[in-house]
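See below for the structure under consideration.
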Ligand SMILES: [Zn+2]
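As structure tokens, this is what we get:
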């Protein structure tokens, strides 16, 4: 009984705080039709919805894609969202769950790829996560035009949990006079693993390392060194056409990306 009452209170709290707000009051963001919800009380929700729409529009403009008219995308701001046992953001079936506002960029990339009607979803998880992580890293420097009050926190650096490895990565960046940024950390971390394992690397590490660490290295290589965003989007939509688009299989592209990453370090 007690549990049922607590359950009911929890449900009421949950639904009571769910607030919808649409983008209709922003004429310049007509392409974004996201329904926002808040699972925790947030006095800035109207402003956050507006910023969400502006970010969505900037990513749409960068990609040249828009949300398809028949899509019903939702964004749930939930700072306690549990995904695979830990508090994390997630994208699933037209709903992006954001544990924090920085995750918005990453999950929106998944969302627009899914609901633009352009990309076959999902391609290989390495390409999918690599692209979302790559955009998350370059967002502020290369895509964002607007000033974002709620996205002012710097993009977090995903660090190695091993302090020795972490120190090695930082020393590597210092030796190469590279700034400690999320993308440089990721480049150096992958380079450290590559120096140990060479071309066997992609077959030795686990899926999550391949998707979230080598994936962005691959995407960075394809966009910055292999003809830009347009061929990449063609590849993203139909990654089985790697050979036709880039003249190499996906496996060979991954090795070329690792060699390119290697060339950035002395
Ligand atoms: Zn993701």
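In this note's numbering, the protein residues as written are 3 to 268. In this text, a Cβ means the ideal position worked out from N, Cα and C, and glycines have one as well. Since the structure is predicted, the reported quantities are computational estimates derived from the model, not experimental observations.
Other residues of its chain near residue i: CB distance less than 6 Å, five sequence neighbours each side excluded
i: residue 220; result: 132, 256 and 259
i: residue 139; result: 184 and 185
i: residue 148; result: 56
i: residue 98; result: 77, 109 and 113
i: residue 101; result: 81, 83, 89, 90 and 91
i: residue 150; result: 53
i: residue 127; result: 213
i: residue 180; result: 186
i: residue 4; result: Confidence at residue 4 is low in this model, with a pLDDT of 34, below 50, so its placement is unreliable and no value can be given for it.
Euclidean distance between Cα positions of residue i and residue j
i: residue 262; j: residue 225; result: 13 Å
i: residue 85; j: residue 78; result: 13 Å
i: residue 129; j: residue 217; result: 6 Å
i: residue 264; j: residue 206; result: 18 Å
i: residue 270; j: residue 208; result: It is not possible to answer for residue 270, since the shown part of the chain is limited to 3 through 268.
i: residue 134; j: residue 93; result: 11 Å
i: residue 222; j: residue 253; result: 16 Å
i: residue 23; j: residue 66; result: Reliability of the predicted coordinates at residue 23 is poor, the pLDDT of 41 falling under 50, and no value is obtained from them.
i: residue 241; j: residue 58; result: 24 Å
i: residue 175; j: residue 202; result: 23 Å
i: residue 1; j: residue 39; result: Summary: the structure shown does not reach residue 1, with the chain confined to residues 3 through 268, and so no result is reported for it.
i: residue 41; j: residue 75; result: 17 Å
i: residue 178; j: residue 248; result: 30 Å
i: residue 236; j: residue 187; result: 28 Å
i: residue 107; j: residue 168; result: 26 Å
Spatial neighbours of residue i in its chain, beta-carbon cut-off 8 Å, leaving aside the 5 residues before and after
i: residue 145; result: 60, 61, 64 and 137
i: residue 170; result: 194
i: residue 182; result: 159, 172 and 175
i: residue 111; result: 61, 133, 134, 137 and 138
Closer than 7 Å: residue i CB and nearest ligand 2 heavy atom
i: residue 86; result: In terms of ligand content, the structure shown lacks ligand 2 and carries ligand 1 instead.
Own chain partners of residue i with C-beta closer than 7 Å, once the 5 adjacent residues on each side are dropped
i: residue 245; result: 251
i: residue 204; result: 212, 216 and 256
i: residue 121; result: 115, 238 and 239
i: residue 73; result: 96 and 117
i: residue 199; result: 206
Proximity to residue i [Cα-Cα], best of the options
i: residue 159; options: 105, 66, 41 and 76; result: 105
i: residue 350; options: 125, 81 and 70; result: Because the chain in this structure spans residues 3 to 268, residue 350 falls outside the shown range and cannot be described.
i: residue 152; options: 50, 40 and 44; result: 50
i: residue 70; options: 177, 47, 96 and 228; result: 96
i: residue 268; options: 48, 197, 248 and 168; result: 197
i: residue 227; options: 168, 266 and 173; result: 266
i: residue 119; options: 68, 111, 167 and 107; result: 68
Quiz item: Is the region 183-195 close to the region 227-246, with three or more CB pairs under 8 Å?
Solution: no
Quiz item: So, do the region 205-212 and the region 163-178 have three or more beta carbon pairs nearer to each other than 8 Å?
Solution: no
Quiz prompt | Inside the region 69-138 only - alpha helix (DSSP H) runs reaching at least 4 residues | solution = 105-117
Practice problem: Run through the region 227-261 for me and flag every whole beta strand (DSSP E) of 3 or more residues, listed as ranges in chain order. | Solution: none
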